[in-house]
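**Q**
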Amino acid sequence: MIDYQLELKKLNQLIKDAEIGVLPITQTRLATLYDTRSMLCLYLYINPSTSISQIRKLPLPSNFSIDEIDNDPQKLKQKLQIQINHNLGIYSDLDLVHYMLLQLQPFISKNPVFAEFFKTLEKYTVLENQELTKNLLSFGNYMVDCLKSRHTFSYEEQHVILNLAQICKNRRFFQERRYLWPFEELHPDPNDLESPFNARNVRPPLHRLLQAVSFSIVYVSTGFGSGPGLGHTLLHLGEDKGYVHINGLYNYPIYISDAHFRDFYLDKWQKRVVAIQKVHVPNPDAAMSKLVQLCQTTWLWGGPLHNCFHFCKQVLLAGGASLKEIEGLCVPNHRVLQQAMIDFSPLDLSQWTPPDYVQFHEPDSNLQMFKSRPIQEWTINPQQRGELLEQMISHLGNLYVWQKPLQKARLKSKLEAVHKEIEKSDSAPEGSLSKRERIIQKMDQLDMYTAKAVVRSLIEKIISNSWPLKLWGGTVVNIVPAEGGDAIQKTVPRNMARMISIYQKHLMKGNVDYINILNEICFIGYMASLENNSRWTAYKGRHDLTRNFYQLFNQMIKVNFDFNNHTKATDAEPPKELEF
Numbered sequence: 001m002i003d004y005q006l007e008l009k010k011l012n013q014l015i016k017d018a019e020i021g022v023l024p025i026t027q028t029r030l031a032t033l034y035d036t037r038s039m040l041c042l043y044l045y046i047n048p049s050t051s052i053s054q055i056r057k058l059p060l061p062s063n064f065s066i067d068e069i070d071n072d073p074q075k076l077k078q079k080l081q082i083q084i085n086h087n088l089g090i091y092s093d094l095d096l097v098h099y100m101l102l103q104l105q106p107f108i109s110k111n112p113v114f115a116e117f118f119k120t121l122e123k124y125t126v127l128e129n130q131e132l133t134k135n136l137l138s139f140g141n142y143m144v145d146c147l148k149s150r151h152t153f154s155y156e157e158q159h160v161i162l163n164l165a166q167i168c169k170n171r172r173f174f175q176e177r178r179y180l181w182p183f184e185e186l187h188p189d190p191n192d193l194e195s196p197f198n199a200r201n202v203r204p205p206l207h208r209l210l211q212a213v214s215f216s217i218v219y220v221s222t223g224f225g226s227g228p229g230l231g232h233t234l235l236h237l238g239e240d241k242g243y244v245h246i247n248g249l250y251n252y253p254i255y256i257s258d259a260h261f262r263d264f265y266l267d268k269w270q271k272r273v274v275a276i277q278k279v280h281v282p283n284p285d286a287a288m289s290k291l292v293q294l295c296q297t298t299w300l301w302g303g304p305l306h307n308c309f310h311f312c313k314q315v316l317l318a319g320g321a322s323l324k325e326i327e328g329l330c331v332p333n334h335r336v337l338q339q340a341m342i343d344f345s346p347l348d349l350s351q352w353t354p355p356d357y358v359q360f361h362e363p364d365s366n367l368q369m370f371k372s373r374p375i376q377e378w379t380i381n382p383q384q385r386g387e388l389l390e391q392m393i394s395h396l397g398n399l400y401v402w403q404k405p406l407q408k409a410r411l412k413s414k415l416e417a418v419h420k421e422i423e424k425s426d427s428a429p430e431g432s433l434s435k436r437e438r439i440i441q442k443m444d445q446l447d448m449y450t451a452k453a454v455v456r457s458l459i460e461k462i463i464s465n466s467w468p469l470k471l472w473g474g475t476v477v478n479i480v481p482a483e484g485g486d487a488i489q490k491t492v493p494r495n496m497a498r499m500i501s502i503y504q505k506h507l508m509k510g511n512v513d514y515i516n517i518l519n520e521i522c523f524i525g526y527m528a529s530l531e532n533n534s535r536w537t538a539y540k541g542r543h544d545l546t547r548n549f550y551q552l553f554n555q556m557i558k559v560n561f562d563f564n565n566h567t568k569a570t571d572a573e574p575p576k577e578l579e580f
């Protein structure tokens with residue numbers, strides 16, 4: 001028996017949340033809630049002593065008429081009850097059954113077991129609600145038994161069975177509907193709430209993290225919001241164990257339950273599951289330990305290279321997972337994006353490896369130069385200067401990673417040349433010994449040396465480029481060359497001026513720490529990219545060249561991760577200035 005008084009209470013709260021924007025909901029569903037609330041009020045108002053004339057004086061629902069009623073309030077109440085039950089049914093078990101049938105449909109022709117599942121489930125669409133609840137529970141157990149007793153199911157088939165069995169087993173029918181939570185759960189625990197604005201700062205509950213039994217990567221479509229448009233990944237901790245993910249610039253990872261993910265998270269952000277990849281983790285205790293460790297500290301989001309997937313990856317690698325197995329979701333490639341646009345159908349990503357992504361991208365000669373030639377030896381064709389500069393900025397986050405082994409090889413080559421020069425003569429040529437010592441020092445401080453090369457190259461490109469700022473202005477900066485000399489004035493975009501200012505501030509110190517410079521520049525570039533990527537912030541006429549610099553600067557945040565463990569030696573002498 002439905003408690004209509006409780007339903008009215010829940011509807012009032014839902015409508016209130018929808019009207020103030022707390023609960024994102026479509027206008028069609030909101031209109032249905034309005035009509036249902038009006039009918040519930042009228043239904044509860046009618047009692048044995050109520051006359052039809054009293055009812056006619058009340059405001060009636062927009063889609064309801066009493067002209068057909070022969071002045072009988074009880075017949076009117078029966079009609080209201082039918083319509084109310086129909087409206088509530090939009091969010092009820094029958095809606096879920098139809099969803100489950102859709103998930104089984106693609107497998108009917110491939111596997112007779114799924115055809116049997118479909119026929120059994122189809123019968124439940126005509127049952128009364130109480131019978132439906134009971135039968136769905138037994139149906140879920142039946143599907144799990146079939147999965148255990150047979151070994152002929154494919155990866156996708158196994159996932160569908162587990163997904164539907166989980167829904168049958170855990171969903172609280174009647175009390176919990178899409179956008180229709182029990183009244184006491186309309187405002188869940190603050191740690192479960194999703195916010196793109198990162199309003200909270202709470203560690204996820206430890207007891208939830210320690211219950212992990214298996215691990216999967218769940219890939220969902222973009223939905224709506226101010227975040228990047230490349231989809232999102234969550235780490236699933238096992239059946240009924242919940243999810244952990246990161247969704248803010250600088251915040252603790254977030255835990256959400258399975259029920260919250262199914263019934264609230266996906267609908268609220270208008271997302272859908274695109275792919276699920278179950279990952280074999282030989283040492284789940286180590287993975288759990290790493291997960292707990294990561295959840296005790298705040299996370300700095302880093303765009304394409306330090307993001308939601310990287311969070312999952314760190315946990316899985318700590319548990320001994322194969323890098324090849326989990327690398328398939330690293331870049332949302334052509335297959336994932338196409339799948340997100342077509343329909344929900346989980347992909348089997350077990351054998352999905354990076355080469356699948358490479359086939360959609362032709363090799364670029366400039367990128368090959370970035371990866372194969374030290375930055376000091378680059379030659380620039382004047383006619384292609386703009387294109388080369390744009391590509392350099394676009395891949396600046398990877399530039400440090402690519403350049404580090406190249407810089408090491410370059411220094412080794414120089415060292416060998418000095419050794420040969422010394423060996424050829426009876427006495428070491430003047431200055432050769434000190435030159436050798438400087439090269440060895442650079443090799444010992446390869447991180448610092450590479451960071452210096454990247455920073456100087458970046459600053460030089462900013463200074464040498466002509467930024468189109470005549471219409472909307474810029475910031476005039478006084479630039480003092482690193483080699484000394486008179487200061488020059490240059491008009492550059494505001495955030496680039498801050499980068500130059502940081503660079504010159506460090507140059508004024510006795511010892512320059514280029515790692516710190518790179519980290520500070522990373523953060524400025526990333527914050528600038530957020531301002532220009534956000535759908536809530538207009539570009540205000542910003543030229544493409546400047547805008548692209550900020551947007552593609554996301555990748556620089558990779559350096560933040562590479563240097564995460566870099567600390568200054570407090571007792572030792574600071575490193576000497578390196579030659580570029």
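For the sequence shown, my numbering begins at 1 and goes up steadily by one. C-beta atoms are modelled at their ideal positions from N, C-alpha and C, and glycine is treated no differently. A quick note: this is a predicted structure, and the numbers were derived from the prediction, not measured.
1) Counting only runs of 4+ residues fully inside the stretch 432-497, write out the alpha helix (DSSP H) ranges in chain order.
2) With a cut-off of 8 Å, do at least 3 Cβ pairs link the stretch 69-83 to the stretch 108-120?
3) Going by alpha carbons, who is nearest to Lys271 out of Val220, His280 and Asp486?
4) Which partner residues does His236 have in the DSSP bridge list?
5) Specify, as a first and last residue, the run of the beta strand (DSSP E) that Ile55 falls within.
6) Per DSSP, which one or two residues make a beta bridge with Tyr255?
7) What are the partner residues of Gln277, as DSSP defines its beta bridges?
8) For Ile256 versus Ser216, is the C-beta distance shorter than 7 Å?
9) The alpha helix (DSSP H) with Pro112 in it runs from where to where?
10) Between the stretch 281-292 and the stretch 310-320, can you find at least three pairs of beta-carbon atoms closer than 8 Å?
11) What separation, rounded to the nearest whole angstrom, lies between the Cα atoms of Gln296 and Tyr252?
12) Where does Leu193 fall in DSSP's three states?
13) When DSSP builds the beta bridges, which residues end up paired with Trp299?
14) Starting from the Cα of Thr233, find the closest Cα among Ile15, Cys312 and Pro204 and give me that residue.
15) With a CB to CB cut of under 8 Å and the five nearest residues on each side skipped, what residues in its chain are close to Leu209?
16) What first and last residue would you give for the alpha helix (DSSP H) that runs through Leu294?
17) For Ile422, collect the residues of the same chain with a Cβ closer than 8 Å to its Cβ; drop the 5 residues on either side in sequence, then sort them by chain order.
18) First and last residue of the alpha helix (DSSP H) that includes Ser365?
19) So, at 6 Å on beta carbons, what are the nonlocal neighbours of Leu545 in its own chain, with the 5 sequence-adjacent residues on each side left out?
20) Report the rounded CA-to-CA distance for Asp3 versus Leu266, giving the unit in angstroms.
21) State whether the stretch 491-503 contacts the stretch 436-450, with contact taken as three or more CB pairs (one from each stretch) at a distance under 8 Å.
22) Ordered along the chain, which non-local residues of its own chain (more than five positions away) have a Cβ less than 8 Å from that of Lys414?
23) Skipping 5 residues on each side, what residues in its chain have a beta carbon closer than 6 Å to that of Leu411?
24) Cutting at 6 Å between CB atoms, please list the residues of its own chain near Ile46, excluding the five before and the five after it.
25) Could you tell me the boundaries of the alpha helix (DSSP H) in which Lys509 lies?
**A** In brief:
1) 432-444 and 446-464
2) no
3) For Lys271, the nearest C-alpha among the options comes from Val220.
4) Ser216 and Tyr243
5) No beta strand (DSSP E) contains Ile55, which is instead part of the alpha helix (DSSP H) from Ile52 to Arg56.
6) Tyr255 is bridged to Val244.
7) Ile217
8) At a Cβ-Cβ threshold of 7 Å, Ile256 and Ser216 do not count as neighbours.
9) Annotation for Pro112: the continuous alpha helix (DSSP H) segment containing it runs Pro112 to Lys123.
10) yes
11) 7 Å
12) Because Leu193 carries a pLDDT of 37, less than 50, the predicted location of this residue cannot be relied on, and no value is offered for it.
13) Asn251
14) Cys312
15) Leu237, Val244, Tyr255, Met288, Leu291, Val292 and Cys295
16) Pro284 to Leu294
17) Ala428, Pro429, Ser432, Leu433 and Arg436
18) Ser365 to Ser372
19) Since pLDDT at Leu545 reaches only 40, below the 50 mark, its modelled position is unreliable, and the value read off the structure follows with that caveat. Answer for Leu545: no residue qualifies.
20) 27 Å
21) no
22) Ile439
23) Ile439, Lys442 and Met443
24) Pro73 and Lys77
25) No alpha helix (DSSP H) contains Lys509, which DSSP labels as neither H nor E.
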